[in-house]
Each structure stands twice: as structure tokens, then as C-alpha cells.
Amino acid sequence: MTTTSPTSRYVISAEEIRPGWTLLYACTFALQALSGVVRWFLAYPALWLVFTILGKSTWPVNSLALLIGFGPLALSFATLVLPLGGWLWRQQTGGRMPSERERLIYEDAMALLTQAETDLRPPRQWFVIDEPSLNAAAYAGFLMLTRGLIESGFLEPVLAHELGHLNTSDGRLTAAVHRLTTPPRKPLRFPLRTLGFLASGEVAMRVMRTPWAAYWRTREFAADQYAARLGQGEALARFLDTNALEHDLPIPFAWLSPHAHPSTEHRIDRLYTQEPAPDALAPGPEPVKPAPAGPPSAGPAGPALTEPGPSAG
Ligand SMILES: [Zn+2]
10 MTTTSPTSRY VISAEEIRPG WTLLYACTFA LQALSGVVRW FLAYPALWLV FTILGKSTWP
70 VNSLALLIGF GPLALSFATL VLPLGGWLWR QQTGGRMPSE RERLIYEDAM ALLTQAETDL
130 RPPRQWFVID EPSLNAAAYA GFLMLTRGLI ESGFLEPVLA HELGHLNTSD GRLTAAVHRL
190 TTPPRKPLRF PLRTLGFLAS GEVAMRVMRT PWAAYWRTRE FAADQYAARL GQGEALARFL
250 DTNALEHDLP IPFAWLSPHA HPSTEHRIDR LYTQEPAPDA LAPGPEPVKP APAGPPSAGP
310 AGPALTEPGP SAG
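The sequence shown begins at 10 in my numbering and counts up one residue at a time.
Okay, structure coming up:
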């Protein structure tokens with residue numbers, strides 16, 4: 010369902026721009042430009058051949074090849090800055106419109122959270138997936154909630170955490186990074202494997218995934234901190250304790266891994282030890298700490314609460 014907020018609220022704001030992710034995105038973008046050259050190099054002769062066989066004039070070939078090569082980069086940047094993206098994600102996850110009673114529960118939760126932060130930016134759209142598990146995810150300006158979560162009584166704290174992703178650059182950055190790559194995002198069979206790896210941009214994501222994962226792990230803590238600012242710190246800690254902790258498994262070389270979530274135990278720890286200062290509850294720009302300067306990583310897996318679903322983290 011579409012919110013009533015004006016579209017201009019969803020254009021990137023100066024407060025969302027932080028040096029850490031900007032550097033990561035710029036590095037990834039530069040590497041992806043090389044994949045753009047590969048796509049252009051492959052598309053040009055293929056298009057030329059098709060146009061020639063069809064007996065058509067070949068004048069649009071270069072423009073089309075440039076579009077195939079570098080269009081994804083332009084689309085990614087537009088997604089970073091403008092309120093774009095999310096529709097396909099909703100289709101892929103099987104999202105549906107909320108029912109009337111789900112909408113009422115959601116609106117109650119939003120009303121409660123808005124009391125703590127009057128400047129709260131609601132999701133551009135939200136939808137429900139019919140899963141009994143308790144989960145939520147943010148991507149671009151979209152929010153996904155599972156039916157199980159809405160029915161669980163834990164909606165407020167989890168929603169507060171996801172709003173942390175949606176009121177910062179996290180949601181848009183997740184979508185923008187995902188859009189830097191193109192299909193085929195999965196490895197092809199020999200002899201196309203290497204070509205697919207280079208042309209899709211997966212090669213750059215492989216290079217950048219460790220720094221991106223490190224970045225996304227810091228953003229989970231920041232979203233938790235945001236939830237605490239909205240008065241949901243303790244409730245979120247309880248949710249993590251009862252619903253997320255059991256899914257944690259040891260991760261060998263965690264700091265090198267593409268794992269975009271910190272350990273649940275550490276999140277609970279911080280939520281209990283970092284109660285918000287009284288003045289932090291006052292409305293105003295979100296004081297999330299600046300992202301660490303480092304390179305980007307993480308797959309398109311962006312902000313999701315427990316284990317990421319299809320495309321959120
Ligand atoms: Zn999250």
C-alpha cells in the first residue's frame with residue numbers, strides 16, 4: 010500500500026550521505042564500470058550482427074551497446090538518489106497487499122513509534138508475505154513483514170529496527186548496490202562461466218564483499234540503536250533473544266566472511282547496555298554514527314532483521 014508521504018521525502022537527503030558508504034559505493038561503482046566495458050564489448054558485435062542479418066541500418070548499434078554496458082550503472086545511481094526500486098523485490102518474494110486487520114495493527118505500531126520521532130519517514134510501500142516465521146526486511150523504500158511477525162506481538166520493536174534502515178541510507182544503498190550487477194547473477198556452466206562472472210559484475214562484488222559485509226554489520230547495530238531511540242530497545246532485545254538467537258551458528262573467519270549480520274548475542278548485549286540518553290529521544294536528525302571508512306562488500310543482501318530473505322538483511 011502506498012503511504013501518503015510526498016515523494017520528495019524519499020529523495021536522498023544530505024544527512025544520509027556519509028563518507029564510509031560513499032567511498033565503498035564509489036569503489037564498487039568504479040570496478041563495475043570495467044564490467045560495463047565487458048558488456049559493451051560483447052553487445053556491440055552481437056547487435057551489429059543481428060542488425061546486419063536483418064538488413065537494418067546499424068546506426069543504433071552503438072547507442073544500444075552503450076545502454077547494455079553502462080545502463081545498469083546509471084540505474085544504480087538513480088536508485089541511490091531517487092525513490093526507485095522495490096517493485097520487483099515484492100514480486101520475487103511473493104509479497105501481497107496487507108489485509109484490513111493487518112493494516113490496523115501496522116498503523117497502531119506506526120502511531121506509537123511516531124510519538125517518539127515525529128520526523129519518522131514511513132516506508133514508501135509495505136507488504137506482507139505469508140510466512141509463519143517472524144521476519145522483516147527493508148529494500149529501497151519498501152518494507153516486507155511476514156504474517157507471523159504481524160501476529161506475534163513483536164511488530165513494534167522489529168518495525169522500529171527496519172525504520173532504522175529506511176530512515177537512513179541503508180534501504181536505498183542496498184538496492185543501488187544490487188543494481189550495479191546484472192543477470193546472470195548465478196554462475197553459468199563452462200564455457201560461459203568466466204564470461205558471465207565478468208559481464209554480470211559479480212567479479213567486482215567478489216572483490217568488495219568483505220568490506221561491504223563489515224559495513225552492513227555496523228548498520229545492524231545502528232538500526233538497533235535507532236529502535237532504542239524509538240523506545241523499543243528492550244523489546245527488540247527480547248525479540249532477538251526468543252526468536253533470532255537460536256538461528257546463530259559459528260562463522261569461521263567471520264570478519265572475512267560475507268555475512269552481513271553481527272552475532273545476535275552481541276546485538277542483545279548492546280541493546281541492554283546502550284539505553285538511549287533522555288535527550289536522544291527528542292525529535293531531530295538521526296544521530297547514527299558515521300559509517301566506518303572502508304570498502305564496500307555485501308551482496309545485495311541489505312537490511313533484514315533476522316536471517317536475510319531473498320534480498321534484505
Ligand atoms: Zn537490520
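The beta-carbon is built from N, C-alpha and C at its ideal position, and this holds for glycine as well.
A quick note: this is a predicted structure, and the numbers were derived from the prediction, not measured.
- Under a 10 Å Cβ-count criterion, Gly104 is classified as buried, with 16 or more other Cβ atoms of the shown protein chains found around its own Cβ.
- For the pair Gly150 and Pro92, the CB atoms are nearer than the 7 Å cut-off.
- At a Cβ-Cβ threshold of 7 Å, Gln241 and Glu165 count as neighbours.
- Counting C-beta pairs closer than 8 Å gives fewer than three between the segment 194-214 and the segment 131-138, which falls short of the contact rule.
- Boundaries of the alpha helix (DSSP H) around Val90: 70-90.
- Residues Pro166 of the same chain have their beta carbon placed closer than 6 Å to that of Ala244, with the five preceding and five following residues left out of the count.
- According to DSSP, Tyr148 shares a beta bridge with Phe151.
- In the displayed model, Val137 falls within a strand according to three-state DSSP.
- Its chain contains Trp49 as the residues whose beta carbon lies nearer than 8 Å to that of Leu75, once the 5 sequence neighbours on both sides are disregarded; these appear in chain order.
- A residue is called buried once 16 or more other Cβ atoms fall within 10 Å of its Cβ, and Phe38 is buried on that count.
- Ranked by Cα distance from Ala169, the first of Ser108, Gly78, Leu97, Glu116 is Glu116.
- Excluding sequence positions up to five before and after Tyr53, its CB lies within less than 8 Å of the CB of Val70, Asn71, Ala74, all in the same chain and listed in chain order.
- When rounded, the separation of the alpha-carbon atoms in Val216 and Pro267 is 11 Å.
- In the structure shown, Arg105 adopts extended strand secondary structure according to DSSP, grouped into three states.
- Annotation for Trp30: the continuous alpha helix (DSSP H) segment containing it runs 28-62.
- If you draw a straight line from the Cα of Gln283 to the Cα of Leu239, it is about 13 Å long.
- Listed in chain order, the alpha helix (DSSP H) runs fully inside the segment 227-279 are 242-248, counting runs of at least 4 residues.
- At a Cβ-Cβ threshold of 7 Å, Leu129 and Ala145 do not count as neighbours.
- About 5 Å separates the beta carbon of Gln41 from that of Leu189, a gap short enough to meet the 8 Å contact definition.
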